[in-house]
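With UniProt numbering applied, the first sequence covers 1 to 112.
We put the CB at the ideal spot given by N, CA and C, even for glycine.
Computed from a predicted model, the values in this text were never measured in an experiment.
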Amino acid sequence: MAKQGGKAKAAKKQKRVKKDKSGPKKPKSAFMFFSQDRRQTLKTEQPDLKITEQSKVIGKEWGELTDAEKAPYQEKANQDRERYNKEKASSPKEEEKKEEPEGDEEDEESED
DNA sequence: CCCCTGATTGTTTCG
DNA sequence: CGAAACAATCAGGGG
1 MAKQGGKAKA
11 AKKQKRVKKD
21 KSGPKKPKSA
31 FMFFSQDRRQ
41 TLKTEQPDLK
51 ITEQSKVIGK
61 EWGELTDAEK
71 APYQEKANQD
81 RERYNKEKAS
91 SPKEEEKKEE
101 PEGDEEDEES
111 ED
């Protein structure tokens, strides 16, 4: 941990993603909500901007935001997490059935 | 015609 | 704790 003063080459490369049309979509982050709102406004003001350019601008603005300003977005994200949480919690399909193999079959002892 | 890449940050998830 | 994957978004390039 400490040791940051060195020349630690932080070669961070977040490999992008290729959207999957099918898959457990992860909950959106506050940044996503912010981008959705900001992009629309940005698009009206600068419709010539491309997504990649918007991303840069938005990302920069996002960094300027404070927790208070991010708060409302985090709250939205918070709700989305719950949504995802529920979606996950409820597995209508028997897919993924190795959940909690706590095979504890309590004996029904005498029911009647 | 359909799939993928680009750029941003945050969250999610496995080990 | 850390890395990898992936979330929205759209425009354009390639097979």
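DSSP places K56 in the uninterrupted alpha helix (DSSP H) bounded by 51–64.
According to the DSSP assignment, K43 belongs to the alpha helix (DSSP H) that extends over 30–45. Judged by beta-carbon spacing, P24 lies beyond the 7 Å limit of R81, meaning their Cβ atoms are not closer than that value. By the Cβ neighbour-count rule, A71 is exposed, with fewer than 16 other Cβ atoms within 10 Å of its own. Collapsing the DSSP output to three states places P24 in coil. Counting only the Cα atoms, R39 lies some 11 Å from T52.
Per the coordinates, the alpha-carbon of S55 lies some 13 Å from the alpha-carbon of F33. Around the C-beta of A30, 16 or more other C-beta atoms lie within 10 Å, and the residue is accordingly described as buried.
The beta carbon of S35 is closer than 6 Å to those of I58 in its chain, skipping five residues each way along the sequence. The residues P27, in chain order, have a CB closer than 6 Å to that of Y84 in the same chain once the five nearest residues on each side in sequence are set aside.
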